[in-house]
């Protein structure tokens, strides 16, 4: 006869002995970090709790809640509160005064607050150092961070700090779900460090499933058939097994027969398809009070005191107690050492929460918010969440703003941005308050263009509402500013010009910013004189303004220099030389970072790549140090493109891998463009064209002012390679007409050679000569290296088309030398290929073949395998065979011409980087030539090679360097 089931127990720890042993060993070895990774319900938390139970050291256990906008340092702050009731009498230094904003209840016990720091990074680092001091004083041996995939960035930065000093601080354990880690999360950086011990608990097998079920049934055996079927339905996930057994128990489906526990009819076992269904069926069998308690806890999240649970549930304290007893007995809840109750697993909490009706959720959130408002220690981010879900826009916006203030004071601008965006995008803020809140937002911390476009929509609606003149001016100004940010330059200019008169009257400093935006010659067809006029207006206004702040003046000077350079005005270089060398206030730091970035891009437009790299590196260092996230990421893309230009193709490859899935449209567009350039160089032209067109579609439109990042130039190059000159002309029409309209011929340095070649190949020789002359006249007198190289190349194209092959070869060689001096090795090699082609056609076979061999090897070493294959075919047509690798067949033990060039420069004392710039090669290729020459000369070092070269007399002829181009 079947017997009745026993009461269910909490399942024992099953199948984890090896995992626990590995964790113990890792911690005893004092590693920097131990991580437990796995899907929800696999048993990560249970494993860590069992480990803590076995070890006697003080543990700080921080649990990250699944909030949409995480509270800065919230998990660790709450954990410290649970660990220490007070800090009075602890040996804290004055640094601990920085903890006052996060522990307001301890204000009377902490040292005085230090002087405020306006800089976000400095404030955040001081707060982290203070928190680490408190953790040390509390003698924490283990710091556990549960559900780290939900952690805020500042909490993760705290772990990075502790990780760097692990020999003196607590050992670190974190649990996380790999599939839920955001691409930009610091958690990825933390996990990628050396010395991280990683553990991934496996699903339970049939035997372990039987053990788990048996532990819930008083140790009685479980039939193998039942265990196997249960494991198959749950994929061996411990939480799913437990929930299924509890549901079968509630259904009275478990019986004991022939000494083993099984379901009444194993063949018809009805296990729910998910944990959610199991939890909901179980909760439906509970009493009214237990259901109310579960609903309240699902809304509150985390562990809560019984009195708060009763208030939110809307039941009496006695009813709440009865409901808690029933839910605890059913295994849905657990209690901590302070008798606070919470769900045993977040999946169960989420299941209950999502099963609530919308009106019930709203009602419970309002109760929760109003109850938490009366708590002595209030989490304003949590209050913002509750009033958002309760549909109370006023309190939602007010608490979100307070939470953003807290995030900024803690040095966490990205979280602050999200907290303020939430009520703006959700319609909680109306009228003039929209502009006020947008003005407070740290736009530089925006995680992409998507949120900024949301703000544009909100501001546009606000600007058309019922506002005073001053309010409308402010709304229009903020709208135009945001539109510039996201790349809608033409529309932004219209809005900006509408706002300027009111700004001059009400806010002169803002008027200067507006005028400088209008002075930027981007995105419109207005002539350069229009932009110069705005630049002059801004200069006059800032001189007339009474004492502009240092950061405002620095912003103007930086923008003026970059704007003049983009306008093709050499006076910009003089302004650059006069820029102030100092400026360390937070406002000045931001302006320096932004200004250096703009100067770097302007220098790239001129072809001054050493200057560009110096400024871009400086901007990137400032952006990284001061958490200007968006600027940092955009600078990474710009530096990767500079790497492409200068022959270091590792950076572009890394950007391609990291950014093709980026949320930031401009970053994604740049990554696609670079990927297209790499594809083209490797010979995959269809894929290259696909990527470039995707870049045009996805990001802020780039144009000729972006120089080598103008996608129309890439499309034209692909069309010419495919023998479609008409398509190349169509690709460059808009850019060429824009240059003509604005009379900014520096912008044509990338497209002029392509357009001239396309016109020649289309049979329009006169138009080609006219285009070349217009470009030459427009850039004559400019000391712009990129324009000089382009002029040499266009002259060579015309000479070749006119039949002067020898003259064309010389001009192509001059172009190659000019490109190499930038350095821009890829274009230098293509120019040398063209020169060799002319000499081959003119009958100078030996000279041409020698150059083509070198070009083939250097293109191969650079990674331009598609172009190298084209050179290989040219050599094959000339009766010369070369291998697939970059060797120099035919020279034997003699130095090749390129090796001779390298050795001669080596004798002059130049480094590999300097030689690379002179010859238009990558440093890696130079090193290859040096090692090849050392092998041929049988010498052990670079110095010995130089000595041998001098003794043998090979280091006498000078290496060709570019000379000025004259028409």
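Residue numbers (this note's numbering): 359 to 1325.
Note that beta-carbon positions come from the ideal geometry of N, C-alpha and C, so glycine has one too.
Notebook entry, point to check: Mapping DSSP to helix, strand and coil, what is residue 391?
Noted result: Sequence index remark: in the chain shown, residue 391 carries index 33 (1-based). Correct three-state label for residue 391: strand.
Check: Is the segment 1114-1127 touching the segment 1080-1091 in the sense that three or more CB pairs, one from each, lie closer than 8 Å?
Finding: yes
Item checked: For residue 404 and residue 366, the rounded distance between their alpha carbons -> As a first step, residue 366 is located in the chain shown; it is residue number 8 there, counting from the start. As a first step, residue 404 is located in the chain shown; it is residue number 46 there, counting from the start. Those two C-alpha atoms are separated by around 18 Å.
Notebook entry, point to check: In terms of alpha-carbon separation, which member of 971, 982, 984 lies closest to residue 999?
Noted result: Numbered from 1 along the chain shown, position 641 holds the residue referred to as residue 999. That would be 971, whose Cα lies nearest to the Cα of residue 999.
Notebook entry, point to check: Between residue 950 and residue 919, what straight-line distance do the alpha-carbon atoms span, to the nearest angstrom?
Noted result: What you label residue 950 is simply residue 592 of the chain shown in a count that begins at 1. What you label residue 919 is simply residue 561 of the chain shown in a count that begins at 1. If I take the Cα positions, the gap works out to 12 Å.
Next item on the list: Report the three-state DSSP secondary structure of residue 308 (helix, strand or coil).
Entry: In the structure displayed, the chain extends from 359 to 1325; residue 308 sits before or after that span and is not available.
Margin query: I'd like the list of long-range same chain contacts for residue 652, defined as Cβ closer than 7 Å, with 5 residues on each side in sequence excluded.
Written below: Looking up residue 652 in the chain shown gives position 294. Excluding residues within five positions, the ones whose Cβ falls inside 7 Å are 641, 685, 690, 710.
Margin query: Using a Cβ-Cβ cutoff of less than 8 Å, which residues in the same chain neighbour residue 368 once the five nearest sequence positions on both sides are dropped?
Written below: Along the chain shown, read from residue 1 onward, the residue named residue 368 stands at position 10. Closer than 8 Å at the Cβ level, and outside the excluded window around residue 368, lie 574, 689.
Next item on the list: Specify whether the segment 732-743 and the segment 752-771 touch according to this definition: at least 3 beta carbon pairs, one from each stretch, less than 8 Å apart.
Entry: yes
Note to self: Going residue by residue through the segment 564-611, where are the continuous alpha helix (DSSP H) segments of at least 4 residues, counting only ones entirely within it?
What the structure shows: 564-574, 582-592, 596-608
Checklist line | Same chain only: Cβ atoms within 7 Å of residue 835, ignoring 5 sequence neighbours per side | finding: Position 477 of the chain shown, counted from the start, is the residue given in the question as residue 835. Only 857, 861, 868, 872 meet the Cβ criterion.
Next item on the list: Kindly list the residues whose CB is nearer than 6 Å to the CB of residue 459, restricted to its own chain and excluding five residues on each side of it in sequence; keep chain order.
Entry: For the purposes of this step, residue 459 is identified with residue 101 of the chain shown, where counting begins at 1. Contacts found: 767.
Note to self: I'd like to know if the segment 1075-1084 and the segment 1042-1051 are in contact, where contact means that at least 3 CB-CB pairs between them fall below 8 Å.
What the structure shows: yes
Item checked: Stretch-stretch touch, CB-based, cutoff 8 Å, three pairs: the segment 489-499 with the segment 525-535 -> yes
Notebook entry, point to check: What are the start and end residues of each continuous alpha helix (DSSP H) run of 4 or more residues lying completely inside the segment 835-872, in chain order?
Noted result: 847-864
Check: Quick one: does residue 380 have its CB under 8 Å from some CB of chain D?
Finding: Structure shown: chain D not included; a single protein chain is present.
Check: Three or more C-beta pairs closer than 8 Å, one from the segment 577-591 and one from the segment 382-401: is that the case here?
Finding: no
Margin query: Quick test of the definition: if touching needs 3 or more C-beta pairs under 8 Å, does the segment 462-475 touch the segment 372-383?
Written below: no
Next item on the list: Compute the Euclidean distance between the alpha carbons of residue 966 and residue 946, then round it to the nearest angstrom.
Entry: Along the chain shown, read from residue 1 onward, the residue named residue 966 stands at position 608. Along the chain shown, read from residue 1 onward, the residue named residue 946 stands at position 588. Near 25 Å, if we compare the C-alpha coordinates of residue 946 and residue 966.
Checklist line | Length at least 4, wholly inside the segment 479-541: the alpha helix (DSSP H) runs in chain order | finding: 511-522
Check: Cα separation between residue 735 and residue 899?
Finding: Position 377 of the chain shown holds residue 735. Position 541 of the chain shown holds residue 899. When rounded, the distance between both Cα atoms is 49 Å.
Item checked: Exposure label - residue 1123; buried when at least 16 CB within 10 Å -> The residue labelled residue 1123 in the question sits at position 765 within the chain shown. Per the 10 Å Cβ criterion, exposed.
Check: Pick from 488, 656, 397, 664: whose alpha carbon is nearest that of residue 536?
Finding: Counting from one through the chain shown, the residue named residue 536 turns up at place 178. Ranking 488, 656, 397, 664 by Cα distance to residue 536 puts 397 first.
Next item on the list: With a cut-off of 8 Å on the beta carbons, I'd call residue 510 and residue 564 a contact; round off their distance for me.
Entry: To locate residue 510, count along the chain shown from 1; it is residue 152. To locate residue 564, count along the chain shown from 1; it is residue 206. Their Cβ separation, rounded to whole angstroms, is 41 Å, which puts residue 510 and residue 564 out of contact at 8 Å.
Margin query: Considering Cα atoms alone, identify which of 533, 855, 765 is closest to residue 896.
Written below: Along the chain shown, read from residue 1 onward, the residue named residue 896 stands at position 538. That would be 855, whose Cα lies nearest to the Cα of residue 896.
Next item on the list: Go ahead and pull the three-state DSSP assignment for residue 1269.
Entry: Locating residue 1269 in the chain shown gives position 911, where the first residue counts as 1. Reduced to three states, the DSSP call for residue 1269 is coil.
Next item on the list: Evaluate contact between the segment 919-937 and the segment 903-910, counting only Cβ atoms and requiring at least three cross-stretch pairs below 8 Å.
Entry: no
Check: Going by DSSP, what residues sit across from residue 1283 in a beta bridge?
Finding: Numbered from its first residue, the chain shown carries residue 1283 at position 925. Bridge partners of residue 1283: none, in fact.
Check: When every heavy atom of the ligand MN is checked, does at least one fall within less than 7 Å of the C-beta of residue 945?
Finding: As for the ligand MN, it is missing from this structure, which has no ligand bound.
Item checked: Proximity to residue 931 [Cα-Cα], best of 957, 751, 913 -> For this step, residue 931 is matched to residue 573 along the chain shown. Here the closest residue by C-alpha is 957.
Next item on the list: Evaluate residue 830 with the Cβ neighbour count: other Cβ atoms within 10 Å of its Cβ, from every protein chain shown; 16 or more gives buried, anything less gives exposed.
Entry: For this step, residue 830 is matched to residue 472 along the chain shown. Under this definition residue 830 is a buried residue.
Next item on the list: Going by CA-CA distance only, name the one from 876, 833, 843, 832 that's closest to residue 852.
Entry: Residue 852 sits at position 494 when you count from the first residue of the chain shown. The candidate whose alpha carbon is nearest that of residue 852 is 876.
Check: DSSP state of residue 558, grouped into three classes?
Finding: Looking up residue 558 in the chain shown gives position 200. Reduced to three states, the DSSP call for residue 558 is coil.
Margin query: Which of the three DSSP states is assigned to residue 419 in this structure?
Written below: The count along the chain shown starts at 1 and reaches residue 419 at position 61. Strand at residue 419.
Note to self: When you compare the CB positions of residue 471 and residue 447, do they come within less than 8 Å of one another, or not?
What the structure shows: Residue 471 sits at position 113 when you count from the first residue of the chain shown. Residue 447 sits at position 89 when you count from the first residue of the chain shown. Not closer than 8 Å, so no.
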